[in-house]
Structures are given as C-alpha cells and as structure tokens.
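Data block below; observations after.
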Amino acid sequence: MSNHHFSFKTSLALLLLLPAMAWGAANKIKSVRIWPSPDNTRVVFDLDDSPEYTYFTLSKPERLVIDIADTHGKYDFSGLGKDSSHLKKIRYSTAKNKQSIRLVLELDKKIKPQIFALPPTAPYGNRLVVDLRDNDTDTSPAEPKQVISHHAQESTNRPIVVAIDAGHGGEDPGSIGHAGTYEKNITLAIAKALARLVDQEKGMKSILVRSGDYYVGFGRRTDIARKGGADLFISIHADAFTTPQPSGGSVWVLSMKRANTELGRWLEKKERYSELLGGAAEVIQDSDSERYLTQALLDMSMDHSMTTSYGLSDRVISEMKKVTHMHKKAPQAASLAVLTSPDIPSILVETGFISNPKEEKNLNWATHRERLAKAIFNAVKSHFQHTPPDGTLWAALKKDTRTHKVSRGESLSVLAERYNISVQTLKVANNMNSDIVRIGQVLTIPSS
Numbered sequence: 016m017s018n019h020h021f022s023f024k025t026s027l028a029l030l031l032l033l034p035a036m037a038w039g040a041a042n043k044i045k046s047v048r049i050w051p052s053p054d055n056t057r058v059v060f061d062l063d064d065s066p067e068y069t070y071f072t073l074s075k076p077e078r079l080v081i082d083i084a085d086t087h088g089k090y091d092f093s094g095l096g097k098d099s100s101h102l103k104k105i106r107y108s109t110a111k112n113k114q115s116i117r118l119v120l121e122l123d124k125k126i127k128p129q130i131f132a133l134p135p136t137a138p139y140g141n142r143l144v145v146d147l148r149d150n151d152t153d154t155s156p157a158e159p160k161q162v163i164s165h166h167a168q169e170s171t172n173r174p175i176v177v178a179i180d181a182g183h184g185g186e187d188p189g190s191i192g193h194a195g196t197y198e199k200n201i202t203l204a205i206a207k208a209l210a211r212l213v214d215q216e217k218g219m220k221s222i223l224v225r226s227g228d229y230y231v232g233f234g235r236r237t238d239i240a241r242k243g244g245a246d247l248f249i250s251i252h253a254d255a256f257t258t259p260q261p262s263g264g265s266v267w268v269l270s271m272k273r274a275n276t277e278l279g280r281w282l283e284k285k286e287r288y289s290e291l292l293g294g295a296a297e298v299i300q301d302s303d304s305e306r307y308l309t310q311a312l313l314d315m316s317m318d319h320s321m322t323t324s325y326g327l328s329d330r331v332i333s334e335m336k337k338v339t340h341m342h343k344k345a346p347q348a349a350s351l352a353v354l355t356s357p358d359i360p361s362i363l364v365e366t367g368f369i370s371n372p373k374e375e376k377n378l379n380w381a382t383h384r385e386r387l388a389k390a391i392f393n394a395v396k397s398h399f400q401h402t403p404p405d406g407t408l409w410a411a412l413k414k415d416t417r418t419h420k421v422s423r424g425e426s427l428s429v430l431a432e433r434y435n436i437s438v439q440t441l442k443v444a445n446n447m448n449s450d451i452v453r454i455g456q457v458l459t460i461p462s463s
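Under the numbering used here, think of the first position of the sequence shown as 16, with each following residue one higher.
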C-alpha cells in the first residue's frame, strides 16, 4: 500500500514538473541569414527547436507578421535587410502573449510570401524559412507546348550562348570538405572563370544562372537558360562521397533510367537532398504539377539533346584529363533534374571530389580552378567550331571556309601567307596549340 502511494505521489510530482520543464526548453532565435537574389529574397531564422508559427500580412505599408509560439529572447536585427531589394527591415512587435514573440518584416512592395519550417540538415539545425518573391515573377511550370527554336525571330550572326550553372547556393551549401570548404563557393568561382573565357571569345556569350550566393530551383535554372536563348547548359559541381578516398573529375549526361553505378546513385540522392535543403518552396509549390512537355515532343527533342551532350562530354573529359585526374574516363549517366531541359544540350561537370582532402585543397587554389575552367572552355569551343548552331556568327564563318591538305614543305606561315590570313587565325580555326603541321593533315581555312 505504501509503495503504491509513493508511486502515485512521484507521478504527480513529475506531472507538475512538466510545464516547468517545457518552459525551460522554450525556443529561441540563434541567428538570421538573408539570401538576396535577382527575383527573390530568402530569410532564414535559425532556431533551437522546431517552430510553431502563424503569420499574416498588412498593407500600407506592406508588412509580413509572424508569430512564433513558446519562444523567448531578443535577437538584434539591426542592419539586416540592407542588401535585399524586397526586405527593408526586421523588427519585433507586441506579442500575442508572454510565451511567444512577434516578428515584423517590413517590405518594399506587396509580396506573397511562402513560409515553411525545415528540420536539421547539416550544417544547419531547425529553421523557419521565409521566401519573398515578386508577385509578377512567373514561378509556375510552363504549360505543355511545342518545342521551337528560341532564336527563330533573331537575325543571323548571333552569338553562341552558353548557360553556366554554379551548383547549389544560398541555403544549400552542397558538399562540405574536411577543411570546411563549401561546394557552392567552389562552383561559383569556376562558373565565373568559365563565363569570362566565353565572353572574351568573339561570337560567344555567357549566361550565369546564379551570380551570387543564393539558391535557384532546378526548374528555374533551365528556365533562365531557355529565356536567355542558351545553345548549351553546363552545370558545375564538386563531387563528394561517403569516404575520402575517391578523387578526380567526371562528366555526366541525363539518363532516362536510374543510374547504374554507386556514384551515380549517390549523385541522384544528393540532388534530391539539395532541392529539399535549398529549394523547399519549389518542392511545395510544384508537388502536384506537370513540369515537362508531352512525352512525344520530349522524346523527339531529348534524342538530339542527349546525343549532342554525350559528344560534348567526351571532349570535356579529353581536355580535363590534361589538368586533373579523371575519376571516370567516359561520360556517366544519371537521372538528374538539372539536366532535363529537352531543348538544350546539357552536361554536368564534377570538377573533383571535395570530400578528398588533397582535391579540396586544389579546388581552393585559384590557379587550379582557372585551369579547370580553361579545359571546359576549350572543349566547348572545339565542339562549336565543328558544329556551330544555325544562325550564329560561327555558322556563317564556317560556310565561307575551305580546307587544305598539307603537302611536303608546307608550314603554317606558308599557308597563312597563301590564303592571306594570320598564323594565329589558322591555329584558332583548327584548335592547334603549336605551329607544327604534318603531311596529309587537313586544315580548315577560314575566310580572310
């Protein structure tokens, strides 16, 4: 009887303690991160625990008000929002009760926000994410429509457009090296170096899918490329694996089936993880919608795109192995959302394993990144010299070109003088790195 009575009193005491224990574990804002992009600002509140929240908007002036339950403490918001074109200020306001806080986000215009919580995923803990996107920005998937040339209305002699996609960004750091290197920073540096090389080449133009540290959803990446009239889409990444031993670069093309290698399956898994980590708003928005074109049109267009992508991948591998070890000597295939643009040839380049300490060090070395960018550029240039897109300056120049079979006693300088062009022009037209020619070699002679 006494034991039963003791058990009852102990249970009662524990029940009385629960509110106090819960009060002691109240949530708290640990930090705030703001990721501004050209058409979107993401505000991330890092919290001790999963948030219970409600929100509403107010007009004149435009505000977003968020109530977070069972949360205490004061975080200094001064200075936040100055880099965003959408967010003017974050401040506290009078809360609904003593156990909660009220946040007010002062906005520059009427914006329809998307708010969602994210669970802990390295390197972050619990988060409350607020996406502020222009109401006039079209984020919905395109309706199925016929694939047509995105240059149909342009005049001839246009530049060849290369869309360069730096993987990850913003809330999605990508893989993290042993020394703490974020993949998103490496990919952006290589993408910018590649863009500079493309823009320096007459008759070529680059589009940077992201130019800063912010996340772009997979569908949005290909939309940016398509709206810019891209002839090619290159996604730059730095690989990772569960162990530090693997090293070297690789080039990936789209597979309509699942990947048949362990590394490919890892890459597919990492891509899905990245979309949830950095683009949960897009996942929520597009969960029940049809993203792609009708299957017949998709198959027709994808066949050409995939053939072109595979040929280019071979060239990229040939150039990259001159400057780095290659993990795979042939193009690899995986089911990757970022490569599913049916009308644009697309490849994904893994520039090395950031999970390998030696390669992480190399990827942090600017000279190595420049060499990687130059290798990719050389492959792209060679590809388009042989098969320039219709309507481009390079296509027009190729129509005016002739060929010459080298005979005994002929040199580049002799041929340059004969055809009234410079030696350098002759070398560029034939993708040559030296002045040496061999008997029987067929050279392209561009118009003078």
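Beta carbons are placed, not taken as given, at the ideal position from N, Cα and C, and that holds for glycine.
Fair warning: this is a prediction, and the values are worked out from it, not measured in the lab.
Reference residue i, options the options, closest by Cα
i	options	result
methionine 219	Ala194, Ser52, Ala245	Ala245
aspartate 405	Gly189, Val176, Arg433, Asp149	Val176
asparagine 200	Pro461, Arg57, Asp187	Asp187
lysine 413	His401, Ile391, Pro261, Lys344	His401
alanine 41	Ala390, Ser65, Asp54	Ser65
lysine 113	Ala84, Ser270, Ala345, Leu102	Ala84
glycine 185	Thr322, Pro53, Thr459, Thr418	Pro53
tryptophan 409	Glu216, Phe92, Leu203	Glu216
serine 100	Pro135, Arg433, Asp146	Asp146
serine 464	Lys337, Thr202, Ile362, Val338	Lying before the first or after the last residue shown, residue 464 is absent from the chain, which here runs from 16 to 463.
leucine 73	Thr109, Gly88, Lys125, Glu67	Lys125
asparagine 377	Pro360, Leu292, Ser333, His193	His193
Residue i - partner residues in DSSP beta bridges
i	result
phenylalanine 71	Val80
leucine 269	Ala349
tyrosine 5	Not covered by the structure: residue 5. The range shown for the chain is 16 to 463.
glycine 184	Asp187
methionine 219	Ile175
phenylalanine 368	Asp254
glutamine 129	Asp146
tryptophan 50	Arg57
leucine 90	Looking at the sequence itself, residue 90 is tyrosine, so the reference to leucine does not match. DSSP output for tyrosine 90 lists no bridge partner at all.
threonine 407	Arg173
tyrosine 197	Ile191
glycine 264	Met341
asparagine 141	Leu62
leucine 427	DSSP, once it has assigned bridges, lists no residue as partnering leucine 427.
leucine 102	Leu122
Residue i in three-state terms, based on DSSP
i	result
threonine 419	First, the amino acid is wrong: residue 419 is histidine here, not threonine. Three-state result, histidine 419: strand.
isoleucine 436	coil
threonine 136	strand
tyrosine 325	helix
isoleucine 249	strand
valine 224	coil
isoleucine 359	coil
isoleucine 460	strand
methionine 447	coil
glycine 455	coil
leucine 441	helix
lysine 336	coil
leucine 1	Residue 1 lies beyond the residue range present for the chain, which begins at 16 and ends at 463; the question has no answer from this structure.
lysine 45	strand
threonine 402	coil
valine 331	helix
Expected contact under 8 angstroms - CB spacing of residue i and residue j to nearest Å
i	j	result
glycine 140	aspartate 61	6 angstroms
arginine 142	asparagine 55	Wrong, their Cβ atoms sit about 17 angstroms apart, outside the cutoff.
valine 58	isoleucine 44	Incorrect: roughly 12 angstroms between the Cβ atoms, too far for contact.
alanine 210	leucine 223	5 angstroms
phenylalanine 248	alanine 348	Rounded, the Cβ-Cβ distance is 16 angstroms, inconsistent with contact.
isoleucine 332	proline 346	7 angstroms
valine 338	alanine 381	Contact doesn't hold; Cβ gap of about 14 angstroms is too wide.
Cβ pair residue i, residue j closer than 8 angstroms
i	j	result
valine 364	isoleucine 251	yes
isoleucine 369	aspartate 228	no
alanine 536	phenylalanine 256	Lying outside 16 to 463, the shown extent of the chain, residue 536 is not represented and no answer is given.
asparagine 379	threonine 196	yes
proline 51	aspartate 98	yes
arginine 173	leucine 122	no
isoleucine 130	valine 119	no
threonine 418	leucine 387	no
serine 270	histidine 342	no
alanine 295	leucine 102	no
isoleucine 116	threonine 69	no
glycine 189	threonine 171	no
valine 421	glycine 455	yes
glycine 367	serine 262	yes
arginine 453	histidine 398	no
glutamate 1	asparagine 393	For residue 1 there is no data in the structure shown, the boundaries of the chain being 16 and 463.
leucine 354	valine 231	no
isoleucine 460	tyrosine 434	yes
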